[in-house]
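*Asks:* Structure in structure tokens, see below.
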Amino acid sequence: MAGRDRIVHLLRQLERAACRCPAHSHTFHQGAAAGGGRKTDYAFEMASSNIRYGSGVSAEVGMDLQNLGAQNVCVMTDRTLTRLPPVQAVLESLVKNRVHFQVFNDVRVEPTDSSFKEAISFAKKGSFDVFVAVGGGSVIDTCKAANLYCHPDADFLDFVNAPIGKGRPVTRALKPLIAVPTTAGTGSETTGVAIFDYEPLKAKTGIASRALRPTLGIVDPLHTLSMPERVAANSGFDVLCHALESYTALPYSQRAPCPTNPINRPAYQGSNPISDVWSRHALRVVSKYMKRAVRDPEDLEARSSMHLASVFAGIGFGNAGVHLCHGMSYPIAGNVKTHAARGYSVEHPLVPHGLSVVLTAPAVFSFTAAMCPERHLEAAEILGADVRQVKHADAGAVLADTLRRFLFDLQVEDGLGAVGYDKDDIPALVKGTLPQERVTKLSPRAHTEEDLSRLFETSMKLY
Ligand SMILES: NC(=O)c1ccc[n+]([C@@H]2O[C@H](COP(=O)([O-])OP(=O)(O)OC[C@H]3O[C@@H](n4cnc5c(N)ncnc54)[C@H](O)[C@@H]3O)[C@@H](O)[C@H]2O)c1
Numbered sequence: 002m003a004g005r006d007r008i009v010h011l012l013r014q015l016e017r018a019a020c021r022c023p024a025h026s027h028t029f030h031q032g033a034a035a036g037g038g039r040k041t042d043y044a045f046e047m048a049s050s051n052i053r054y055g056s057g058v059s060a061e062v063g064m065d066l067q068n069l070g071a072q073n074v075c076v077m078t079d080r081t082l083t084r085l086p087p088v089q090a091v092l093e094s095l096v097k098n099r100v101h102f103q104v105f106n107d108v109r110v111e112p113t114d115s116s117f118k119e120a121i122s123f124a125k126k127g128s129f130d131v132f133v134a135v136g137g138g139s140v141i142d143t144c145k146a147a148n149l150y151c152h153p154d155a156d157f158l159d160f161v162n163a164p165i166g167k168g169r170p171v172t173r174a175l176k177p178l179i180a181v182p183t184t185a186g187t188g189s190e191t192t193g194v195a196i197f198d199y200e201p202l203k204a205k206t207g208i209a210s211r212a213l214r215p216t217l218g219i220v221d222p223l224h225t226l227s228m229p230e231r232v233a234a235n236s237g238f239d240v241l242c243h244a245l246e247s248y249t250a251l252p253y254s255q256r257a258p259c260p261t262n263p264i265n266r267p268a269y270q271g272s273n274p275i276s277d278v279w280s281r282h283a284l285r286v287v288s289k290y291m292k293r294a295v296r297d298p299e300d301l302e303a304r305s306s307m308h309l310a311s312v313f314a315g316i317g318f319g320n321a322g323v324h325l326c327h328g329m330s331y332p333i334a335g336n337v338k339t340h341a342a343r344g345y346s347v348e349h350p351l352v353p354h355g356l357s358v359v360l361t362a363p364a365v366f367s368f369t370a371a372m373c374p375e376r377h378l379e380a381a382e383i384l385g386a387d388v389r390q391v392k393h394a395d396a397g398a399v400l401a402d403t404l405r406r407f408l409f410d411l412q413v414e415d416g417l418g419a420v421g422y423d424k425d426d427i428p429a430l431v432k433g434t435l436p437q438e439r440v441t442k443l444s445p446r447a448h449t450e451e452d453l454s455r456l457f458e459t460s461m462k463l464y
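This is how it looks when you write it as structure tokens:
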């Protein structure tokens, strides 16, 4: 077989192996020229992340900063972590390697536009040449924003996702950012995304650009040992949903519009054969280790495995995107009235991110399964269901039941009703989901406002 034909043949084989259902056929395209004036994309781009993994590896960060020639380093973290081993290990390494640094420890757990702006103002005053984020997604995202906006010219909404912001592409290189994740987790160390609660709309949104991706993620599993049980559970649910949503997302070749310039190809492109590998593997690790990691804080094997799973899922969803669970989670996290998150040392009302995402998962996958039943069944099987006799028409119900059992075993609150929402809140929750089209448009199944209402209503009670 001639070279090009062989590549075409191999790609087709790869795509067929990934999934046979219509939504995920990843129809092979011969290129823009052949497609001429395409409405949907014909290509995807895999951005890889630099990750260093190992027990105790954060002791190397001081040397990394020396190797970068850093003169003035900004270390970002939150108040709880300031007293804990992850931050101590990083600061010790900086001192040992004579790195000059300043610490900003006022990161808000689940950041807002105002808390981002405080961090940006700190970064502007410091004239830093390298950033180091030590924490969960809240810290890493805040640090990404500080790095992006410490440049004097930018207006805050310039790079925020449209339609809330202007969604301008970032065209300049940012300062190096080293991310040391302490949850397992958001995968923020692998992504070009920074999420915050936009207070005027009471809904989360974000900034998405490959330029934001950390230069290096230092993944040190020892840092997960101090995670309280609920932080391990909720951040683990984020991994679960990253894997499930990216694996079932609309295929890249069905996403519109087709960019006329590669700079406009979004970071979240839709499912694709390379992301599939990462997402499916992450789901397997979650299935094997998550319950152990939540229940036993000293189970280093389980906690380490979940830390790596967050990286796998991060690379998967960072390129493929997420869809309805995440899109609907943003107003759930943004409209919290009084709910106090179990096991979190924060003073403000909070529905932690991973919890806000997973509470709608049974309803969402029940809804989306019709478009790609094979993937939904495969996910249910990975999570422990016996799917041998299950018909495609029942794929959604089976995955939803499997998820409900998983959540019940991990003592998750009984639906949105248990975190302070009722039927009267549904219009506001729907309204807050509508601007999240960057992710909701990656749902494999098209949806109306009525569909979203029904999904919120079904999620009020889980068990
Ligand atoms: N950028 C992305 O790609 C991305 C992806 C998913 C979520 N997010 C965002 O990340 C945020 C959530 O991040 P998260 O789930 O990692 O949690 P988090 O950063 O909000 O931290 C939650 C709590 O756990 C504590 N904590 C963190 N690590 C700890 C440790 N090792 N020991 C003890 N306590 C620890 C923190 O101090 C905090 O009180 C949300 O704002 C979410 O929207 C971003």
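So for the sequence shown, the working numbering puts the first residue at 2; every next one is plus one.
Built from N, CA and C at the ideal position, the CB exists for glycine as well.
1. I'd like to know whether the C-beta atoms of T369 and G385 end up nearer to each other than 8 Å.
2. Have a look at the DSSP bridge pairing and note the partners of S272.
3. Note down, in chain order, each residue of its chain lying with its Cβ closer than 8 Å to the Cβ of E458, except the 5 sequence neighbours on either side.
4. Would you check if there are 3 or more beta carbon pairs closer than 8 Å linking the segment 184-195 to the segment 124-144?
5. Taking contact to mean 3 or more Cβ pairs, one atom from each stretch, closer than 8 Å, check whether the segment 262-277 and the segment 37-52 are in contact.
6. Buried or exposed for D156, please, with buried defined as at least 16 other CB atoms from any protein chain shown within 10 angstroms of its CB.
7. Give a single yes or no on whether G188 has its beta carbon closer than 7 Å to a heavy atom of ligand 1.
8. What is the DSSP secondary structure of F123, reduced to helix, strand or coil?
9. Compute the distance between the beta-carbons of V108 and L66, then report whether it is under 8 Å.
10. Leaving aside the five residues before and after S94 along the sequence, list all residues of the same chain whose C-beta is less than 6 Å from its C-beta, in chain order.
11. Do you know how far the Cα of M329 is from the Cα of S460?
12. So, does the segment 87-102 touch the segment 160-172, judging by three or more C-beta pairs under 8 Å?
13. Run the proximity test for M291: is its beta-carbon closer than 7 Å to any non-hydrogen atom belonging to ligand 1?
14. Report buried or exposed for D142, applying the criterion of at least 16 other Cβ atoms within 10 angstroms of its Cβ.
15. Label P445 either buried or exposed according to how many other C-beta atoms from any shown protein chain fall within 10 Å of its C-beta, with 16 as the threshold for buried.
16. Could you give the residue range of the beta strand (DSSP E) that holds I165?
17. Under three-state DSSP, which class holds G328?
18. So is E246 buried or exposed if we call it buried at 16+ other beta carbons inside 10 Å?
19. Can you tell me which of L213, L301 and P252 puts its alpha carbon nearest to the alpha carbon of M228?
20. Nearest by alpha-carbon distance to A394: which of H377, F407, R405 and I383 is it?
21. May I ask you to check if the CB of K424 is nearer than 7 Å to at least one heavy atom of ligand 1?
22. Using three-state DSSP, classify D198 as helix, strand or coil.
23. Roughly how many angstroms lie between the CA atoms of V240 and A380, to the nearest whole one?
24. If N51 and L217 are in contact, beta carbons under 8 Å, what's the gap, nearest whole angstrom?
25. When you measure from the CB of H324 to every non-hydrogen atom of ligand 1, does any distance come out below 7 Å?
*Replies:* In short, the structure shows the following:
1. no
2. P252
3. K424 and I427
4. yes
5. yes
6. exposed
7. yes
8. helix
9. no
10. A60, V62 and G63
11. 11 Å
12. no
13. no
14. buried
15. buried
16. No beta strand (DSSP E) contains I165, which DSSP labels as neither H nor E.
17. helix
18. buried
19. L301
20. H377
21. no
22. strand
23. 14 Å
24. 5 Å
25. no
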